[in-house]
Structures are given as C-alpha cells and as structure tokens.
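Step one of this worksheet: look at the structure below.
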Amino acid sequence: APLYGRRGDLSEATILNVKADIRSDWCNCRRMNEADVDQFDDDFEDDERLMQADRPSIIHRTRHFRQRKRRKGCGASRHGHQQMLCPTRSSHHYDVCITSEQLCDDIVDCPGGEDENPSNCLFYKSIKDQLKHIYNTVLLLADHAAGQNNNHREL
Numbered sequence: 647a648p649l650y651g652r653r654g655d656l657s658e659a660t661i662l663n664v665k666a667d668i669r670s671d672w673c674n675c676r677r678m679n680e681a682d683v684d685q686f687d688d689d690f691e692d693d694e695r696l697m698q699a700d701r702p703s704i705i706h707r708t709r710h711f712r713q714r715k716r717r718k719g720c721g722a723s724r725h726g727h728q729q730m731l732c733p734t735r736s737s738h739h740y741d742v743c744i745t746s747e748q749l750c751d752d753i754v755d756c757p758g759g760e761d762e763n764p765s766n767c768l769f770y771k772s773i774k775d776q777l778k779h780i781y782n783t784v785l786l787l788a789d790h791a792a793g794q795n796n797n798h799r800e801l
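The C-terminal residue of the sequence shown carries number 801 in this note's numbering, and the numbering is unbroken.
Printed below as a string of structure tokens:
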C-alpha cells in the first residue's frame, strides 16, 4: 500500500493522492463475466490441489506453472453455453475459455485480445449475419414445404 504521509495526516495533498489512487483502481477494474468466474474457480481449485498434494517444493511448483498442458478445447459453461479456447494463455499460464457472446463485444476477454481483433471481428460478424440469413431462409422453405404437404393430405 502506498504511503501518503504520517498517520492521521489530513493535508489536502494527502487526500488528493488517496482519491487519485482510488479512482485509478476503480477505472482499471473490469466487469467480471461468466468466463472470468469459471476461470477463477478453476484457478482456485488447481491452487488448492497443489497446496494439498504433498506440499511440493517451490521449484516443482514453478516448473508445473510453466509447463501446464494446453486444453484440447472448452466444454460448456456452468450455464450451458458452449465455450471456445483463447489462442493465448493468461499471465499465470492458464487456458482461458470464452463464449460466443464474448466475441467482438468491445470487452477484451482473451489475454492477447484476440476476441476483439478488428480483422477477426469483421469476418465473424459478416459470417454470423450470413448464417442467420441462411437459417431464416431454410426455416421459411421448411414451413412452405410443410404447408404444401398438409394441402395434399386434405385432398
């Protein structure tokens, strides 16, 4: 914690320094999303397992920390949303998974910011719109075909 002066010091400069630090800390925080909460839980469980398992040496923990195996993919989140693996790992070498809703939402969720890359987002958004159009067209055709089958049965 930064030292602002003597204990009980209520000078204007000290108060301004404290306010600036609080504002800086508040502005640097970001909204926790579903992937952050899941990752926090995974990190906590991994750390807990490490502490309980025989109390390995610092050297062993450091080696384990740097040589974690990559996941092959991400499963569904606790809320049932399918997740995808970010290309880069966190600063603690953990894999990070995000949902499709977190892609191109102007919030960096992947450690390297790949989920907000302008080139990727342009491609993703255009493909998403095209697939939505195709999906709606197929539904209309299916409804039309089902309606014609019902007319033939009535004859």
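From the three backbone atoms N, C-alpha and C, an ideal C-beta is built for every residue, glycine too. Because the structure is a prediction, the values reported are computed rather than measured.
Beta strand (DSSP E) containing Gln-729: first to last residue?
-> In the sequence shown, residue 729 corresponds to position 83, counting from 1. Segment 729–731, the beta strand (DSSP E) holding Gln-729.
Rounded C-beta distance between Asp-761 and Leu-749? I'm assuming under 8 Å.
-> Numbered from its first residue, the sequence shown carries residue 761 at position 115. Numbered from its first residue, the sequence shown carries residue 749 at position 103. With a Cβ gap of about 5 Å, Asp-761 and Leu-749 count as contacting.
How is Ile-626 classed by DSSP in three states: helix, strand or coil?
-> The question about residue 626 has no answer, for the chain in this structure spans 647 to 801.
Taking the alpha-carbon positions, what's the Asn-763 to Thr-734 distance?
-> The residue labelled residue 763 in the question sits at position 117 within the sequence shown. The residue labelled residue 734 in the question sits at position 88 within the sequence shown. When rounded, the distance between both Cα atoms is 13 Å.
Got a sec? Which residues, its chain only, sit under 6 Å from His-727 by beta carbon, not counting five neighbours each side?
-> Numbered from its first residue, the sequence shown carries residue 727 at position 81. So the qualifying residues of the chain are Thr-745.
Out of Ile-773, Tyr-781 and Leu-731, which has the shortest C-alpha to C-alpha gap to Pro-757?
-> The sequence position of residue 757 within the sequence shown is 111, counting from 1. Among Ile-773, Tyr-781 and Leu-731, the Cα nearest to that of Pro-757 is on Leu-731.
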